[in-house]
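Visitor: For what it's worth, the working numbering labels the leading residue of the sequence shown as 26, then goes sequentially. Positions of the beta carbon are idealized from the N, C-alpha and C atoms, including for glycine. What follows is a structure written as C-alpha cells; I'll ask about it next.
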Amino acid sequence: MRSISALYGADAMDLNGCEPSTLSAGLRCRCPRCGEGKLFSGFLTVAKSCDQCGLDYGFADPADGPAFFVMSGVGIAVVGLWAWSVVVFHPPLWLQFATVFPALIGGCLACLRPMKAWLVAEQYVHKAEEARWASLGGHGEGGFVYDRRKASER
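If you want it as C-alpha cells, here you go:
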C-alpha cells in the first residue's frame with residue numbers, strides 16, 4: 026500500500042514522521058492526511074474540513090461506491106452462512122427471518138462508514154478529484170464531454 030509521502034513527496038506534510046495508511050485512516054474514520062481529525066460530522070456526512078490539520082474535504086465524493094461494495098460483501102457472506110445453516114441445521118422459517126435480516130442490516134450499517142472513510146482516504150492519496158477529470162481534453166472545456174449545442178452550430 027502506498028504511503029502519502031510516496032505520492033506527495035517527503036515534505037508534503039509535517040507529522041513527525043507519522044502518517045496514517047489509507048486503511049488505518051478508513052477503519053478509524055479519521056482524516057487521511059493527519060490521522061487525527063474526524064472525517065464525518067454525522068453518520069455518513071463528510072465534514073467540511075479536518076478539525077486538526079485543516080484539510081478541506083471538498084475533494085471527497087465517494088458517491089454510491091461504498092454502498093455497492095458493502096451490500097455485495099455483506100450480502101454474499103450472510104447468504105452463504107444462511108445457506109450453510111439451512112443445509113446443516115434445518116431451522117424453522119421464522120428463525121431464519123429473525124436472524125438473516127438483522128444480520129444483513131446490521132452488517133451493512135457496521136461496514137458502511139469505514140468503507141466510505143477508506144474510499145475518501147484513497148481519493149486523497151491518489152489525488153482523485155472531479156475537477157481533474159473535467160479538463161482532460163486540455164482546452165478547459167470538459168475534454169471528452171460531448172456538447173450537442175456546439176455540434177449543431179458547426
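Just verifying my parser: in three-state terms, what is the DSSP assignment at Ser49?
Guide: Helix, per DSSP.
Visitor: Would you identify the three-state DSSP class for Ser74, choosing helix, strand or coil?
Guide: DSSP places Ser74 in strand when its eight states are reduced to three.
Visitor: How is the alpha helix (DSSP H) around Ala66 delimited, first residue to last?
Guide: The amino acid occupying residue 66 in the given sequence is Ser; Ala does not appear at that position. Neither: Ser66 is in no alpha helix (DSSP H) and is coded neither H nor E.
Visitor: How about Ala146 and Thr70: are their beta carbons less than 7 Å apart?
Guide: No, Cβ-Cβ distance for Ala146 and Thr70 is not below 7 Å.
Visitor: Starting from Pro87, follow the alpha helix (DSSP H) in both directions and report where the run begins and ends.
Guide: Unbroken run through Pro87: none, as it is neither H nor E.
Visitor: Any idea if Trp119 is buried or exposed, counting beta-carbon neighbours within 10 angstroms, 16 or more meaning buried?
Guide: Answer is exposed; the Cβ neighbour count stays below 16.
Visitor: What residue does the alpha helix (DSSP H) around Pro139 start on, and which one ends it?
Guide: Note, Pro139: alpha helix (DSSP H), Leu118 to Val150.
Visitor: Classify Val113: buried if its beta carbon has 16 or more other beta carbons within 10 angstroms, exposed otherwise.
Guide: The residue is exposed, with fewer than 16 neighbouring Cβ atoms inside 10 Å.
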